[in-house]
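The structure appears below as structure tokens.
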Amino acid sequence: MTETSRRTSKQPDDIGPAGRQRRADNAARPYVSSQPDREVRELRALLQITKAASASLDLETVLEQACRHSAQGSDCSGAFILNYDRDNGTLHYISLWAPGLPRIARERILSAQLHIERDTAIAVQAVKNEEPVVVADSQNEPMLHQLWHATIGRGSLVATPLHDSDGVTGALVLFEQFPEESIPGADPPRVFTRNDVPFVTAVADQVSRAINNARRYSETERARTQRLAEIDALIETISDGIILLDTSQRVVRANRAVERMFGGDIPLRSHTTDVAATFQFATNDGQAFPADRLPGIQTLAGEPVREAELSIHRPDGNRAFLSVTASPIVDSDGRLEGALLLFRDITTQVNRERQAAAFQTISQHLASSELDIDTVVDTVVERISESIDPTFISLMLFDPDQRVLRHAAARNLPDSWGNIEPLDLEGSSLAALAARLRLTVAVPDFDELPEGMRPSLDGHDDPTGSAIIVPLIARNELLGTLGYGRPGSHTFSDSEISFLEMIAAQCALTVHNAKLYQQRSEQQAFLAEVVDRLPASLIVFERFPRKGPATDYRITMTNASASEFLIRIIGAEQDTSIGASVRRTNRGHAARELIELLDAASQDGAIRRFDELPADDGKSSRRYWSGTIVPLQSRAVTGELLLLATDVTEQVNTRRRIENLVQVAATHAAELEATVGAIADAVLVCDPDGKITLANHVALASYGVDSLAELEDIRTITERGLWRDTGAQRIPSNENPLNRALRGETLQDDYTQFDHQLGRDVYRRVSAAPVKDAEDTIIGAVALSTDITSLVELDQLKDEFFTVVTHELRTPLTTIKGYGQMLVRQIEAAGATPPRALIALREQSDRMERLINQLLDVARIDTDQLVLRPAEMDIVPLVEQIAADIGRETDLHQISVEHDEASFVGVWDRDRVTQVFTNLLTNAVNYSPDGGSVEITMRRQNHCVAISVSDQGIGIPPDQISHLFNRYSRLHTQPQHMTNGLGVGLYITKRIVDAHGGEIDVSSEPGKGTTFTVTLPFEAADNIAVEM
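If you're matching positions, the sequence shown starts at 56 in the working numbering and goes up one per residue.
The structure is reproduced here in structure tokens:
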């Protein structure tokens, strides 16, 4: 019977001297062990480190998890990791896990620094020698760094270097802190030996990979963040508003300029339709935008939008007009990635255009209407209401005799204003105040007015309101007031105020028919003000003859915005430009092209347009203008031409910067395509919908196509490639490696595929993985396919060779063995002793038969032809019989069998189970040349029987354990340890155990012996009766 281990697994709170005291206090209690085997604990620790590394790429988290799981897996007091600075030759403590250490000691360790050339710490030795270092007891190592003795004291340590592709990067140190004095009943302290090196080395490999991955991720993330910051900074420098949409029509970026235009934040990830609903997107005439005609949605649907105009309602209540240009964003393969929306605020321009149109309409009606005061005021009120759609409008005329204001015309007044009495000019109403002061009164919110001045808006949903009241004045005579307003608070712009003032002036001049000349003068003054405030350059040219065939032009009118155009294009200062000859005064670099346009427009009377006309003054950067030259039909006799030009320098520069960014992206895409094209294996990349987006020439050739378009999607490559699994079964399209990767799998499997270039099936090893974006969303998949046909065929030829050879050897061997046995029986029947040569012939024939049978078993396993025949049996007498048979063949070994139950009955193949334990016992004897005990223990373990075979032999070197169950693997290569055999016994043993649904484990210590443990389930596995 095996003895249960007394050492318990330490939890974090049980590590260190304090934890040992608590365990000593519990020593008197009944003990029930729950500790797993050491190998299981170490494997669990490695698994935990791997999981921690895959769960997070944060370097600090990875370091802390690595220290904690390393210490717990090794069942010691703690662990720490040091970083190696190659430039300075120093080691720095970067992570420590030791719950039993005082805080001050931990802080002192983490702040320490070790010098490679001066210090003798264990970590320094591991880094310098690039190999693990073990210190069983620090008391025996006076050369240890003084920091160890000052903070931890006496203990046991093991250190191993950490590596990356460039060499040593640091060290991992595990330590056990010994108690200052022994505690009765406590577990003995943990002492590290060379046997701990494999586990610590494995942990160091995992930790190195985890740290390297975290560092690479950190560097990549910094580069990506810097690139995004550069793009963000570039976008923020653009004065126009920019919104970036993804293909799902959601906002992924909006610069501050667009938020200023909209008057509020635009939440990221908000849908285009939600943004449109929030800001009430509409056409300039107030009609709601259909969802499918929104610029972003229209562009993503394949219809780019150029300089479309729309209106929005800002949160402050004001209405803004915007010009939007929407362009698709595509990658180098033409795949749509999103849309870029470029906004320009044209509110001032639109308002002025609308106001100018309204002003023109009103003026025309007034000019054509009768000179009747009632007709005039009705015309004014009606046309204002049609043009700007105020909520209510009122025109009052001043009665100088009564010094009151009387309502002459109105639209949409509140019901409570139905019978408005005349307003005393000296009263407190807004109209009286504007008339008395002869000033425009703009009130953004009635609530801010004193009680007596506040108009009533009963009947409206919003009791608050706003209004503009303009006095009607002509010849310095008060004629009345004109006002309009709306419910709700509203801050009136200068253009709105100016517009109403213009209307009021027109109305007043019309009322004063006797003063038509003054009306015309004031009208021209107002018109000049409007022109002067236009953001575009406005210049009027007059054609006049000169000597020679060429026609000259002189400037008759400019506005304030034309100053820069005059200097750069025409070469004239604004204050001296009126009356100047264009041909004589031009010093601008683009004047020649402008004169050609003027000549063409003057000759045929057609409108001429120019785009991005470049010019500079030789001192500063170049600027660009786009505009129109219009022959004025009303001035055809004098040949006047109107030029309107807009400075588009910022738009040109923005477009060029965007074009440069697109070129850089295209260059990177070309580099990637060239790299993929140079790979010798077949490479395929698909998008989330399964469409093939990238394939190198190897992949195209294997599918027999010349272009990417012919591959189409995953279904096409599955059908063209006639994909089959290793069992020759056709795989459906949804099980293609690319489709599996799109579901989140990372895989490496073998398949067969019909290669159109070779005209036959080939074996391929396919590695596939999902492609994810920064938000861990799968945006595609990539697959790398390697042709392994030659390897598979070579392996098949080898198996066929062994099968043929072993069968051919077995036939003559059977004859030799038969005749040898017949001779022995005849000699023994005659009462004589068979000669030694005949006995040796029989023994070597038996040995040869066993070797051939092993080769046949290997061939059957490799070709899936080994059959198990399970039946119910008791394994105890079977193992005892095998032990007795082998015990009779050796005088140096004592073979014992122990079991904690009288019988273990299960469903197994008796012959194959016999083969398993015969192999294990034979190895135990062969690899114990000096004799000793061989112990067989049998115990129940859940629903299985666990059978261990332990010897006291030479053991197995740690570097050979991983190859133990490979074909033709010999445990030792030294002549003194060589034994007879082919090296396939353990290979066959493991395959038989696997076929029963069991497991086989090994633990060994060189020079002390080896233990093999076979675990077999009592119930037969589902596939136990079929071919392996």
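Even for Gly, the Cβ is constructed at its ideal location relative to N, Cα and C.
Under 8 Å, do residue i and residue j count as touching if we go by C-beta distance?
i	j	result
residue 208	residue 136	no
residue 971	residue 907	no
residue 1071	residue 1000	yes
residue 167	residue 148	yes
residue 669	residue 700	no
residue 187	residue 181	yes
residue 756	residue 739	no
residue 727	residue 595	no
residue 555	residue 527	no
residue 216	residue 185	yes
residue 448	residue 463	no
residue 504	residue 496	no
residue 753	residue 737	yes
residue 772	residue 758	yes
residue 949	residue 983	no
residue 975	residue 1004	yes
residue 11	residue 102	Outside the shown range of the chain (56 to 1083) lies residue 11, about which nothing can therefore be said.
residue 965	residue 923	no
residue 150	residue 196	no
residue 808	residue 817	yes
residue 841	residue 819	yes
residue 397	residue 380	yes
residue 491	residue 481	yes
residue 521	residue 410	no
residue 558	residue 428	no
residue 786	residue 767	no
residue 647	residue 607	no
residue 121	residue 262	yes
residue 542	residue 403	no
Could you compute how far the alpha carbon of residue i sits from the alpha carbon of residue j?
i	j	result
residue 304	residue 352	7 Å
residue 321	residue 214	56 Å
residue 730	residue 724	10 Å
residue 130	residue 1062	25 Å
residue 973	residue 1022	18 Å
residue 963	residue 952	20 Å
residue 877	residue 870	11 Å
residue 535	residue 373	28 Å
residue 127	residue 259	14 Å
residue 661	residue 686	7 Å
residue 779	residue 835	23 Å
residue 938	residue 98	32 Å
residue 1052	residue 1074	9 Å
residue 1087	residue 783	The structure shown does not extend to residue 1087, since the chain is modelled only from 56 through 1083, so no value can be given for it.
residue 776	residue 814	11 Å
residue 929	residue 874	37 Å
residue 794	residue 743	9 Å
Is it buried or exposed for residue i, if we count other Cβ within 10 angstroms and need 16 for buried?
i	result
residue 1045	buried
residue 460	buried
residue 888	exposed
residue 299	buried
residue 599	exposed
residue 630	exposed
residue 1067	buried
residue 605	exposed
residue 415	exposed
residue 478	buried
Less than 8 Å between the CB atoms is what I'm expecting for residue i and residue j, so what's the real figure, rounded?
i	j	result
residue 681	residue 717	Between residue 717 and residue 681 the Cβ distance is about 22 Å, and since that is not below 8 Å, they are no contact.
residue 1002	residue 1057	About 13 Å; that fails the 8 Å criterion.
residue 289	residue 306	Their Cβ separation, rounded to whole angstroms, is 18 Å, which puts residue 289 and residue 306 out of contact at 8 Å.
residue 400	residue 375	7 Å
The stretch 952–962 contacting the stretch 985–1001, beta-carbon criterion three pairs below 8 Å: yes
Three-pair Cβ contact test at 8 Å for the stretch 305–324 versus the stretch 363–382: yes
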